[in-house]
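Number of protein chains: 2
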Amino acid sequence: MSRSDLAGKAAAPKIARPVPLRESVFDALLELIISGHLRPGQHLAESELAEMLGVSRQPIREALQLLSGEGWVDLHPGHGAFVHAPTAEEADQLLGVRALLETEAARLAARNHTDEGVARLRALCSRGLAAVDADDIDGAVAINSELHATVMELSGNTVLIDLAAQVSRRVRWYHTPVARQRGRASWEEHTALIDAIARGEADLAAEIMKNHTEHTRHLYLSQLGEEEPVQPLPSRRRKRRAPASL
Amino acid sequence: MSRSDLAGKAAAPKIARPVPLRESVFDALLELIISGHLRPGQHLAESELAEMLGVSRQPIREALQLLSGEGWVDLHPGHGAFVHAPTAEEADQLLGVRALLETEAARLAARNHTDEGVARLRALCSRGLAAVDADDIDGAVAINSELHATVMELSGNTVLIDLAAQVSRRVRWYHTPVARQRGRASWEEHTALIDAIARGEADLAAEIMKNHTEHTRHLYLSQLGEEEPVQPLPSRRRKRRAPASL
DNA sequence: AGACTGTATGCTGTAGGCAGTTGACGAAAA
DNA sequence: TTTTCGTCAACTGCCTACAGCATACAGTCT
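Chains as they are written, first to last, in this note's numbering: chain A, 726 to 971; chain B, 726 to 971.
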């Protein structure tokens, strides 16, 4: 009777690998948050989520803690979990920090550049340009993420990589409602970046990445800042048992 | 019969505030890790910890997840938790990222400087110099942390603050075995930094902070790198049915 | 009428327990 | 002696249940 909804995801490949239920719950909840089904500021009652997903409260609790660690929900001890309410200011800060981390990554990547790494970057860049020329927006966005992730990876700094990944995940919140990419210009900057990395010119690579990410940042911000969901700390229960109005 | 050991910490101020047991467990385990009682690479059996701390496995599990989020332990699904094994390379990366974040914080702090903030920095700096002159090493270290934290805070970038806090906590791992501070010179740099912030010279403030933190970083690294605990993925059990000590 | 207190309900935090799986030890075979 | 397989203890992941607290509603007092 349990695991009704997640059964297909979690319990099916039961033998294949011990994918903890909590991670399926994590994904499910994250999807509900990003999609807007669970709205910012909303109180997340464990029992409700447990029933909704067909699991017990334990995996829910653990998933909520993971989500809290990544900034998706806020945990108020004794009061439960609330969907984090993103703000334009936070988006700005997030993008600023991401720009900072990526800039440093570009610098380090140029410093430790390898032929193999540069080749991977060039391949991705080609695919990206092809996608743009084919008007494949989704593809270009995906390849763009992959390229940036590869630069991060080539930096060789695990701490930097982890932090950047964390920040990038949180940026995803604003990704959906925002326009995607800025076309060919972006990919020409990528080309210049890769050239700088290949030549080992760390400062130049950093400079290019800085301009690149700051450009993207301003693009985001110009499109953001209209709608602003604000819910300070709403009452835990919507209502008690009377229909009432509000 | 439960909560024997943590009773004094957690259950005593029970009414004062609902401090979840998990946070007491978090602190207790962190202390055990930093102090070296739990050694790098060691497998942490939930039942053992539960019995040791006198609580059930649930708060232990949750505390372990929190610790994992901050990089203190590694969680291997299905295999349990292992104390993270720090390396000199990781220390280097950690310090490098921290330098990066603090440099940016100094830049932002200079940009948004306020009289009140500058006053707080100056006060801390005075206290720090006094502590140094009085040969109060511990005091100077504490004030140093506070000063850097204040610069971070004055940056006004919450995301940056959170990330830096996270990184700084992890640096603490290497803090204990490493010598503490470098005396007056450090505090003169602080003075110059505060002046730059007060005048709103963002680039200068960033430059000073960069040199300052890089200096500290090299100091750390020169003192590090001798002892290097390495334990890839040891057997889960020390023995099978021996009485065991811990 | 408004403020305060008592009461009820839902929630969180924690405990305890069960099933499945992992990994090691020991025996048997090559 | 070395390799392979069977057996088994212990651990993780999950579920269920309970105690305590927080909040909202209702009744009472001023």
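For each residue, glycine too, the CB sits at the ideal point set by N, CA and C.
Exercise for the section: Please name the residue in B:Met934, B:Ser793 and B:Val857 whose C-alpha comes closest to that of His873 (chain B). Expected result: The closest CA to that of His873 (chain B), considering only B:Met934, B:Ser793 and B:Val857, is found on B:Met934.
Practice task
Take Glu914 (chain B) and list the residues in its own chain whose beta-carbon comes closer than 6 Å to its own, dropping the five residues that flank it on each side.
Solution key: Closer than 6 Å at Cβ, skipping near neighbours: His937.
Exercise for the section: Report all residues from its chain with a CB closer than 8 Å to the CB of Glu771 (chain A); omit the five preceding and five following residues, and keep chain order. Expected result: For Glu771 (chain A), the CB contacts under 8 Å within the same chain, skipping 5 residues up- and downstream, are Arg782, Ile785, Arg786, Leu789, Gly805 and Ala806 in chain order.
Handout entry: Contact set between the region 839-860 of chain B and chain A, restricted to residues whose Cβ is under 8 Å from the partner
Key = Listed in chain order, the positions of the region 839-860 of chain B with a beta carbon within less than 8 Å of a beta carbon of chain A would be empty, since no residue qualifies.
Problem - Beta-ladder partner(s) of Gly805 (chain A), from DSSP - result: For Gly805 (chain A), the pairing in a beta bridge is given by DSSP as A:His801.
Handout entry: Leu769 (chain B) - DSSP class collapsed to helix/strand/coil
Key = Three-state result, Leu769 (chain B): strand.
Exercise for the section: Could you spell out where the alpha helix (DSSP H) holding Glu926 (chain B) opens and where it closes? Expected result: Neither: Glu926 (chain B) is in no alpha helix (DSSP H) and is coded neither H nor E.
Problem - Distance CB(Val857 (chain B))-CB(Trp912 (chain B)) smaller than 8 Å - result: Here Val857 (chain B) is near Trp912 (chain B), since their CB atoms are less than 8 Å apart.
Exercise for the section: Determine, using beta carbons only, whether Leu879 (chain B) comes closer than 8 Å to chain A. Expected result: Contacts with chain A at 8 Å (Cβ-Cβ) do not include Leu879 (chain B).
Exercise for the section: Please list, in chain order, all residues of the same chain as Leu763 (chain B) whose beta carbon is under 8 Å from its beta carbon, the five residues on each side excluded. Expected result: Close CB contacts of Leu763 (chain B) within its chain, under the 8 Å cut and outside five residues either way in sequence, are with Leu754, Leu757, Leu769 and Val808 (chain order).
Handout entry: Contact list for the region 815-833 of chain B against chain A, Cβ threshold 8 Å
Key = Within the region 815-833 of chain B, the qualifying residues are Glu815, Gln818, Leu819, Gly821, Val822, Leu825, Leu826 and Glu829.
Handout entry: Contact set between the region 760-785 of chain B and chain A, restricted to residues whose Cβ is under 7 Å from the partner
Key = Listed by position along the chain: nothing, the set is empty.
Handout entry: Proximal residues, the region 931-942 of chain A versus chain B, C-beta separation under 9 Å
Key = For the region 931-942 of chain A, which is checked against every Cβ of chain B, not one residue is closer than 9 Å.
Exercise for the section: May I ask you to list, following chain order, the residues of the region 786-811 of chain A that have a beta carbon less than 9 Å from some beta carbon of chain B? Expected result: Residues Arg786, Glu787, Gln790, Leu791, Ser793, Gly794, Glu795, Gly796, Pro802, Gly803 and His804.
Exercise for the section: May I have the straight-line CA-CA distance separating Val798 (chain B) from Val780 (chain B), to the nearest angstrom? Expected result: Using only the alpha carbons, I get a separation of about 20 Å.
Practice task
Look at the Cβ atom of Glu795 (chain B), then the Cβ atom of Arg894 (chain B), and state whether they are nearer than 8 Å.
Solution key: Cβ atoms of Glu795 (chain B) and Arg894 (chain B): closer than 8 Å.
Handout entry: Top-ranked residue by Cα proximity to Leu792 (chain A), from A:Ala930, A:Phe751, A:Ala865 and A:Asp928
Key = Looking at the Cα atoms, A:Phe751 is the closest of the given residues.
Exercise for the section: Output the residue ranges of the beta strand (DSSP E) runs that lie fully inside the region 784-848 of chain B and measure 3 residues or longer, sorted by chain position. Expected result: As far as the region 784-848 of chain B is concerned, its whole beta strand (DSSP E) runs of at least 3 residues are 798-801 and 805-808.
Handout entry: Proximity to Thr839 (chain A) [Cα-Cα], best of A:Ala816, A:Ile922 and A:Gly864
Key = Residue A:Ile922 is the option with its Cα nearest to Thr839 (chain A).
Problem - Cutoff 8 Å: Val884 (chain B) Cβ touching any chain A Cβ - result: At a cut-off of 8 Å between beta carbons, Val884 (chain B) contacts chain A.
Problem - Three-way DSSP call (helix, strand, coil) for Gly864 (chain B) in this model - result: Note: Gly864 (chain B) maps to helix in three-state DSSP.
Problem - Rounded C-alpha distance that separates Ser870 (chain B) from Arg907 (chain A) - result: About 42 Å.
Practice task
Please check if any C-beta of chain B sits within less than 8 Å of the C-beta of Leu888 (chain A).
Solution key: Chain B, which has a Cβ nearer than 8 Å to the Cβ of Leu888 (chain A), makes this yes.
Exercise for the section: Express the C-alpha separation of Ala931 (chain A) and Ala865 (chain A) in angstroms, rounding to a whole number. Expected result: So the two alpha carbons sit approximately 23 Å from each other.
Exercise for the section: Taking Ala816 (chain A) as the reference, give the member of A:Val896, A:Gly761 and A:Thr916 with the closest Cα. Expected result: For the residues A:Val896, A:Gly761 and A:Thr916, the minimum Cα distance to Ala816 (chain A) belongs to A:Val896.
Exercise for the section: Indicate whether Gln818 (chain A) and Val892 (chain B) have their beta-carbon atoms separated by less than 8 Å. Expected result: No, the pair does not count as a contact, with Cβ atoms beyond the cut-off.
Exercise for the section: Thinking Leu846 (chain A) and Ile759 (chain A) are a contact (beta carbons under 8 Å), I'd like their distance in whole angstroms, please. Expected result: Not confirmed; about 29 Å, so no contact.
Exercise for the section: Using three-state DSSP, classify Asn936 (chain B) as helix, strand or coil. Expected result: Asn936 (chain B): helix per DSSP, three-state reduction.
Problem - Between the CA atoms of Met877 (chain B) and Glu939 (chain B) - distance to the nearest angstrom - result: Going by the C-alpha atoms only, they are around 17 Å apart.
Handout entry: Assigned exposure category for Glu841 (chain A) - 16 Cβ within 10 Å defines buried
Key = The residue in question, Glu841 (chain A), is exposed, as its Cβ has fewer than 16 Cβ neighbours within 10 Å.
Practice task
Go ahead and pull the three-state DSSP assignment for Lys739 (chain A).
Solution key: At Lys739 (chain A) the pLDDT is 29, less than 50, meaning the model places this residue with poor confidence; the figure from the coordinates comes in the next sentence. For Lys739 (chain A), the secondary structure class from DSSP, reduced to helix, strand or coil, is coil.
Problem - Close Cβ partners of Leu833 (chain B) (< 7 Å) along its chain, the five nearest in sequence each way excluded - result: For Leu833 (chain B), where only same-chain residues beyond five positions count, the Cβ hits under 7 Å are Ser880, Gly881 and Asn882.
Exercise for the section: Would you tell me roughly how many angstroms separate the C-alpha atoms of Ala890 (chain A) and Ala810 (chain B), rounded to the nearest one? Expected result: If you take the alpha carbons of Ala890 (chain A) and Ala810 (chain B), they lie about 21 Å apart.
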